[in-house]
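Heads up, the sequence shown is in the working numbering, so the first residue is 1 and it goes up one at a time.
Quick reminder that beta carbons are idealized off the backbone N, C-alpha and C, glycines included.
Here the structure is a predicted model, which means the values were calculated and not measured.
To start, the structure itself, in structure tokens.
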Amino acid sequence: MTAPPDRLAVRPAPNGLAVSAADPRQRIVDTAYELFARRGIRDVGVNELITAAGVAKATFYRHFASKDELVLAFLEQRDRVWTVDFVVGEARRRGETPVDQLLAIFDVFGDWFRRDDFEACSFINILLEMGPKHRLGHASIDYLAKIRGHVRQLAEEAGLRDTENFARSWHILMKGCIISAAEGDLDASKRAQRMAKCLIEEHR
1 MTAPPDRLAV RPAPNGLAVS AADPRQRIVD TAYELFARRG IRDVGVNELI TAAGVAKATF
61 YRHFASKDEL VLAFLEQRDR VWTVDFVVGE ARRRGETPVD QLLAIFDVFG DWFRRDDFEA
121 CSFINILLEM GPKHRLGHAS IDYLAKIRGH VRQLAEEAGL RDTENFARSW HILMKGCIIS
181 AAEGDLDASK RAQRMAKCLI EEHR
């Protein structure tokens with residue numbers, strides 16, 4: 001299995017966290033990616049981020065006016081690293097046809113659920129933490145919609161009918177099995193995949 005490239009770093013920080021040796025802004029974002037994905041956004045303070053990234057406080061605020069601004073940058077990177085590169089990219093690599101690639105999403109999830117660093121879905125976590133009316137919650141909703149967009153694209157490539165409703169139903173299976181895995185059901189992806197096959201037949 002190809003692991004998501006969420007260990008972007010090579011330079012050890014003071015607390016043992018590995019962060020990128022890139023420019024200061026990227027070091028801050030890489031550090032936030034590690035900490036926010038693992039622990040959520042409320043549990044990580046600005047001072048901890050500054051220390052872990054190895055930057056001065058003035059440097060942090062030169063790049064990010066607030067913690068919320070950094071969370072938005074984290075969400076953007078999470079979309080690129082987790083959604084595009086890991087979930088969609090790996091599913092496309094595993095499947096020969098668009099239908100195979102759709103179903104492979106749950107194979108990717110199954111491997112992810114068994115990783116030590118499985119942390120559920122940051123977009124869902126932040127939406128639940130902040131609520132849909134908060135700008136971070138709203139941004140999370142937008143990124144969740146992008147996931148549906150990738151599913152809809154695969155459905156269109158597969159020649160399925162009513163791809164918008166298909167993508168919404170498929171996304172329910174994706175989110176549901178993530179929550180089930182967080183509860184401890186490591187076979188949730190297999191259960192979701194069986195239901196997904198029925199959904200595909202319904203939309204042929």
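CB-CB length for residue i against residue j, believed under 8 Å
i: Ile41; j: Glu129; result: 6 Å
i: Cys177; j: Phe109; result: 6 Å
i: His63; j: Arg25; result: 4 Å
i: Leu75; j: Ile28; result: 14 Å between Cβ atoms; not a contact.
i: Phe166; j: His203; result: 5 Å
i: Val87; j: Ile105; result: 6 Å
i: Leu35; j: Ala52; result: 7 Å
8 Å Cβ cutoff met for residue i and residue j
i: Leu49; j: Ala32; result: yes
i: Asp117; j: Arg38; result: yes
i: Asp85; j: Tyr143; result: no
i: Leu173; j: Phe113; result: no
i: Ala158; j: Pro98; result: yes
i: Gly171; j: Thr83; result: Note that residue 171 is His in the sequence shown here, rather than Gly. Not in contact: His171 and Thr83 (Cβ atoms no closer than 8 Å).
i: Ile200; j: Leu136; result: no
i: Ile141; j: Leu127; result: yes
i: Ala196; j: Ala188; result: no
i: Leu154; j: Gln101; result: yes
i: Arg94; j: Asp107; result: yes
Residue i burial status per 10 Å Cβ neighbour count (16 or more: buried)
i: Leu103; result: buried
i: Ala139; result: buried
i: Tyr61; result: exposed
i: Asn125; result: buried
i: Asp23; result: exposed
i: Gly131; result: exposed
i: Arg115; result: exposed
i: Asp43; result: exposed
Three-state secondary structure (DSSP) of residue i
i: Gln193; result: helix
i: Thr97; result: coil
i: Glu69; result: helix
i: Gly137; result: helix
i: Asp30; result: helix
i: Ile41; result: coil
i: Asp85; result: helix
i: Val213; result: Since the first residue of the chain shown is 1 and the last is 204, residue 213 is not available in this structure.
i: Cys121; result: coil
i: His55; result: At residue 55 the sequence reads Val, which differs from the His that was named. Of the three classes helix, strand and coil, the one that applies to Val55 here is coil, per DSSP.
i: Phe74; result: helix
i: Arg152; result: helix
i: Glu90; result: helix
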